[in-house]
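Trainee: Protein chains in written order, with the numbering used here: chain G, 1 to 312; chain L, 1001 to 1440.
Even glycine gets a Cβ: it sits at the ideal position worked out from N, Cα and C.
Model, not experiment: these values are computed from the prediction.
Dropping a structure here in structure tokens format, bear with me for questions.
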């Protein structure tokens, strides 16, 4: 191959850097959604590549459900500090207190409750653009997503009326109150992400690697056992999400393939101890990445419905 | 197991287009299924919906038709992107809809493709959509085209029928002279014949399977490496840097849209016309001696020039056009038609300027490919030649020379809708420095 030729990772990288610089140039108040997951870890490296030696010219935002893996929170805070970035955290709990979100009785998962919290944060800080790590290969409804995905003043996505996206000329124009979601990793696959993590020698939270964990079987997957109740008399945030005596539970050698919160993340049995192991495991995998996400299994259009309402 | 990253893998981007029910989604489903890119949970979901609606037959189209309305109506509404890999290549597929009203999405999918697959129903042969899709593929400068004659099982894999269709296409192809290679393929997406595995019913066909072709077609770099073009995307000036050496740092960040740049090379900044030399080519991974399209880099120049987003840094050997009067072939994408006198925002490279439609010179008849002179308007999905005047001169190339510096979009100012994709006609004369002697 000639020296004036990019391989697939170099191509995906230059495409994503171009997208990030367009965001910095075209928007007044952009924000990076940073969860500490592998996709947003790649976004941060791409942002370094796009903007150094300047600082990354936008803050980071994370919406917590309150059911997070503690390892992820620790990693998220540390990484933001290393990069000298401002990290904004908004939580479902705060939103419930303020009346921005209402918990559905009997529904323990707070996945859907992240929507009003995100929209509340957008309103609070007047963000006009949120950069997310979503990829088109993750899910059917995401396969139709644009790099620059327009949201109306209610935060809604209208899949039947998307702006055509031609060449690399992204239409970033908004009217007041409207919002853009931008996805620099649109064309990346799960394998690409891991190959990039390896190539760039990026640190990822240790729950991506094989470890021992108490899990229980529910809804066709192994869910992590929630942390023990603190016993100080407050209501149990994991009520309904704890294993019942009829449910099989055991200590597993496992890891996460994709991370939501502890209630929505299925663990996979895996001996993968390093990035090489993970790449090999993904290559041999016979189920999709989001096959381990309980939040997507609700119905065939579960993701489409959440996206229309303003989900990430 | 070795990871695939051990050696460089080429990326091929292709799009599939055809009319409603030509079986585009089924074909992509077949490519994914037979290349073992479909996972068990996706297969389970398909089988579940097959039991409910399909009388037990797994519908491969449901793999790509991701929106509820699409599954209900059995059509593809929006361009869907799919990703798969074989040991030889990685593929990005744009599955683009066949409905006339969604043709704008085909332009979207085709704009970034190396190769276009036009599907034809063997029973129906060449129809208006076939001619439209072939034309759009040519218009967008896609070098490789494959005419996939699908549903061959429904015409008993008739060689005669295949040749008839090929002859019909070869009749109009000479009018679209931009393709570097053209392939005709008889296949059945439903039973898989000639998609990944050869069909046992086509002993008369000696070419490759579709997958064989996709894996081996020579994709000489699509990127223009001739004339250096660098639209300045973002001026890199650190705020209050802790590192004192960065106090006066001023870099110009962007993606190289054409050609190669080297340290020490003389460059011209347009539209100001100032000259300087490349001092450094910076990246996060260290400085480079040279860089090429489509790399993203940050340039530092020898001289402290006033340069901002929207300016273009170019090589001095081959100069672009510089004019506020431009001609473009546009594909119109809005409900409200295009008429002379209207004003739009025009996005070109990294700059957005106001533009006024001076005149509509022609509308292309998709049946005959002949231009109809001076139409009153261009309706949605029409393609025509227009003249525009921009509020500020553009620094540009013809689309056939450079897909990135020769393309524009028009944005409707009230709704911000993307109203048109435009391919610029080459400049009548290139940029000429007015007072060359006085240049630095």
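By Cβ distance, which residues of its chain are closer than 7 Å to residue 1135 of chain L, with the 5 residues on each side in sequence left out?
Mentor: As a working mapping, residue 1135 of chain L is identified with position 135 in the second chain. Same-chain partners within the cutoff: 1176, 1366, 1369.
Trainee: Under 8 Å by Cβ, that's how I've got residue 1149 of chain L and residue 1115 of chain L pegged, so tell me the actual separation to the nearest angstrom.
Mentor: As a position in the second chain, residue 1149 of chain L is number 149, starting the count at 1. As a position in the second chain, residue 1115 of chain L is number 115, starting the count at 1. Going by Cβ atoms, the distance from residue 1149 of chain L to residue 1115 of chain L rounds to 17 Å, so no, they are not a contact pair.
Trainee: Mapping DSSP to helix, strand and coil, what is residue 1019 of chain L?
Mentor: Mapped onto the second chain, residue 1019 of chain L falls at position 19. If DSSP states are grouped into helix, strand and coil, residue 1019 of chain L belongs with coil.
Trainee: Are the beta-carbon atoms of residue 216 of chain G and residue 243 of chain G separated by less than 8 Å?
Mentor: In the first chain, residue 216 of chain G corresponds to position 216, counting from 1. In the first chain, residue 243 of chain G corresponds to position 243, counting from 1. Yes, they are a contact pair.
Trainee: From G:267, G:257, G:269, pick the residue whose C-alpha is nearest to that of residue 279 of chain G; which is it?
Mentor: Along the first chain, read from residue 1 onward, the residue named residue 279 of chain G stands at position 279. Measuring from the Cα of residue 279 of chain G, the nearest candidate turns out to be G:257.
Trainee: From the DSSP output, in three-state form, read off residue 113 of chain G for me.
Mentor: In the first chain, residue 113 of chain G corresponds to position 113, counting from 1. Coil, per DSSP.
Trainee: Mind pulling the chain G residues with CB within less than 7 Å of residue 1351 of chain L?
Mentor: As a first step, residue 1351 of chain L is located in the second chain; it is residue number 351 there, counting from the start. Chain G residues near residue 1351 of chain L: none, gap ~10 Å exceeds 7 Å.
Trainee: Using three-state DSSP, classify residue 145 of chain G as helix, strand or coil.
Mentor: As a working mapping, residue 145 of chain G is identified with position 145 in the first chain. Reduced to three states, the DSSP call for residue 145 of chain G is coil.
Trainee: Give me the Cα-Cα distance between residue 960 of chain L and residue 1021 of chain L, rounded to the nearest whole angstrom.
Mentor: Only positions 1001 to 1440 of chain L appear in this structure, which leaves residue 960 of chain L out of reach.
Trainee: What does a CB cutoff of less than 6 Å around residue 1 of chain G pick up in its chain, not counting 5 residues either side in sequence?
Mentor: Sequence index remark: in the first chain, residue 1 of chain G carries index 1 (1-based). Residue confidence is low: residue 1 of chain G scores 39 on pLDDT, short of 50, so the model does not pin down where it sits. Its coordinate-derived value is still stated next. Correct list: empty, nothing qualifies.
Trainee: To the nearest angstrom, report how far apart residue 3 of chain G and residue 80 of chain G are at their CA atoms.
Mentor: Here residue 3 of chain G refers to the residue found at position 3 of the first chain. Here residue 80 of chain G refers to the residue found at position 80 of the first chain. When rounded, the distance between both Cα atoms is 36 Å.
Trainee: Consider the Cβ of residue 1450 of chain L: report whether some Cβ of chain G lies at a distance smaller than 8 Å.
Mentor: This structure leaves residue 1450 of chain L out entirely; chain L is present only between 1001 and 1440.
Trainee: If we define contact as Cβ-Cβ less than 8 Å, is residue 1055 of chain L a contact residue for chain G?
Mentor: For this step, residue 1055 of chain L is matched to residue 55 along the second chain. The predicted position of residue 1055 of chain L is uncertain, since its pLDDT is 49 and thus under 50; a value taken from the coordinates is nonetheless stated next. Chain G, which has no Cβ nearer than 8 Å to the Cβ of residue 1055 of chain L, makes this no.
Trainee: Using a beta-carbon distance cut-off of less than 9 Å, what residues from the region 249-274 of chain G approach chain L?
Mentor: Answer in chain order: no residues at all.
Trainee: Can you grab the Cα-Cα spacing for the pair residue 1039 of chain L / residue 1393 of chain L, in whole Å?
Mentor: One-based indexing of the second chain puts residue 1039 of chain L at position 39. One-based indexing of the second chain puts residue 1393 of chain L at position 393. Each residue's Cα considered, the two are about 52 Å apart.
Trainee: Specify, as a first and last residue, the run of the beta strand (DSSP E) that residue 129 of chain G falls within.
Mentor: Position 129 of the first chain, counting from 1, holds the residue named residue 129 of chain G. Segment 129-131, the beta strand (DSSP E) holding residue 129 of chain G.
Trainee: For residue 145 of chain G, does the count of other Cβ atoms within 10 angstroms reach 16, so buried, or fall short, so exposed?
Mentor: Along the first chain, one-based indexing puts residue 145 of chain G at 145. Buried.
Trainee: Would you please state the rounded distance, in angstroms, between the beta carbons of residue 1307 of chain L and residue 1230 of chain L? I believe it to be under 8 Å.
Mentor: For this step, residue 1307 of chain L is matched to residue 307 along the second chain. For this step, residue 1230 of chain L is matched to residue 230 along the second chain. Residue 1307 of chain L to residue 1230 of chain L, Cβ: 10 Å. No contact.
Trainee: What in chain L is Cβ-close to residue 17 of chain G, meaning under 8 Å?
Mentor: Within the first chain, the letter at position 17 stands for residue 17 of chain G. What residue 17 of chain G touches in chain L: 1255, 1296.
Trainee: Count the other C-beta atoms from every protein chain shown that fall within 10 angstroms of the C-beta of residue 1204 of chain L, then say buried if there are 16 or more, exposed otherwise.
Mentor: Sequence index remark: in the second chain, residue 1204 of chain L carries index 204 (1-based). The residue is exposed, with fewer than 16 neighbouring Cβ atoms inside 10 Å.
Trainee: Which of the residues in the region 213-243 of chain G, read from start to end, lie with their CB under 7 Å from any CB of chain L?
Mentor: Correct list: empty, as no residue qualifies.
Trainee: Which value, in whole angstroms, describes the spacing of the CA atoms of residue 132 of chain G and residue 183 of chain G?
Mentor: Within the first chain, residue 132 of chain G is the residue found at index 132, counting from 1. Within the first chain, residue 183 of chain G is the residue found at index 183, counting from 1. Roughly 5 Å between the two C-alpha positions.
Trainee: Counting along the chain, where does the alpha helix (DSSP H) carrying residue 14 of chain G start and finish?
Mentor: As a first step, residue 14 of chain G is located in the first chain; it is residue number 14 there, counting from the start. Residue 14 of chain G -> alpha helix (DSSP H) spans 8-26.
Trainee: Output yes if chain G places a C-beta closer than 8 Å to the C-beta of residue 1312 of chain L; else output no.
Mentor: In the second chain, the residue the question calls residue 1312 of chain L occupies position 312. No, residue 1312 of chain L does not count as interfacial toward chain G.
Trainee: Do you know offhand how far residue 1426 of chain L's Cα is from residue 1293 of chain L's?
Mentor: The residue labelled residue 1426 of chain L in the question sits at position 426 within the second chain. The residue labelled residue 1293 of chain L in the question sits at position 293 within the second chain. Cα-Cα distance, rounded: 20 Å.
Trainee: Report the neighbours of residue 208 of chain G on chain L: residues whose CB is nearer than 8 Å to its CB, in chain order.
Mentor: Your numbering for residue 208 of chain G matches position 208 in the first chain. In chain order: nothing, as chain L lies at least about 16 Å away.
Trainee: Give me, in chain order, the residues of the same chain whose beta-carbon lies closer than 8 Å to that of residue 1128 of chain L; leave out the 5 immediate sequence neighbours on both sides.
Mentor: Position 128 of the second chain, counted from the first residue, corresponds to residue 1128 of chain L. Correct list, in chain order: 1366, 1367.
Trainee: Would you kindly work out how many angstroms separate the C-alpha atoms of residue 98 of chain G and residue 90 of chain G, rounded to a whole number?
Mentor: Counted from its first residue, the first chain places residue 98 of chain G at position 98. Counted from its first residue, the first chain places residue 90 of chain G at position 90. Going from the Cα of residue 98 of chain G to the Cα of residue 90 of chain G covers about 12 Å.
Trainee: When Cβ atoms are compared, which residues of the region 117-139 of chain G fall closer than 8 Å to chain L?
Mentor: Flagged, chain order: 136, 137, 139.
Trainee: State buried or exposed for residue 1015 of chain L, treating a residue as buried only when at least 16 other CB atoms are found within 10 Å of its CB.
Mentor: Residue 1015 of chain L sits at position 15 when you count from the first residue of the second chain. With 16 or more other Cβ atoms within 10 Å, it is buried.
Trainee: Can you name, in chain order, every residue of its own chain whose Cβ lies under 8 Å from the Cβ of residue 1107 of chain L, other than the five neighbours on each side?
Mentor: By 1-based counting over the second chain, the position of residue 1107 of chain L is 107. Excluding residues within five positions, the ones whose Cβ falls inside 8 Å are 1136, 1140, 1331, 1333, 1421.
Trainee: So that I know if they touch, is there some Cβ in chain L lying closer than 8 Å to that of residue 115 of chain G?
Mentor: For the purposes of this step, residue 115 of chain G is taken as residue 115 along the first chain, with counting starting at 1. Answer no: the Cβ-Cβ gap between residue 115 of chain G and chain L never drops below 8 Å.
Trainee: Considering only the beta carbon of each residue, do residue 1258 of chain L and residue 1227 of chain L sit closer than 8 Å?
Mentor: Stepping through the second chain from its first residue, residue 1258 of chain L is reached at position 258. Stepping through the second chain from its first residue, residue 1227 of chain L is reached at position 227. Yes, they are a contact pair.
Trainee: Please identify, using Cβ separations under 7 Å, the residues of the region 142-163 of chain G that lie next to chain L, in order along the chain.
Mentor: Answer set for the region 142-163 of chain G: 143, 144, 159, 160, 162, 163.
Trainee: Measuring alpha carbon to alpha carbon, tell me which of L:1303, L:1214, L:1285 ends up nearest residue 1296 of chain L.
Mentor: What you label residue 1296 of chain L is simply residue 296 of the second chain in a count that begins at 1. Selected option, being the one with the closest Cα: L:1285.
Trainee: DSSP on residue 134 of chain G, reduced to helix/strand/coil?
Mentor: Stepping through the first chain from its first residue, residue 134 of chain G is reached at position 134. In this structure, residue 134 of chain G counts as coil in the three-state DSSP scheme.
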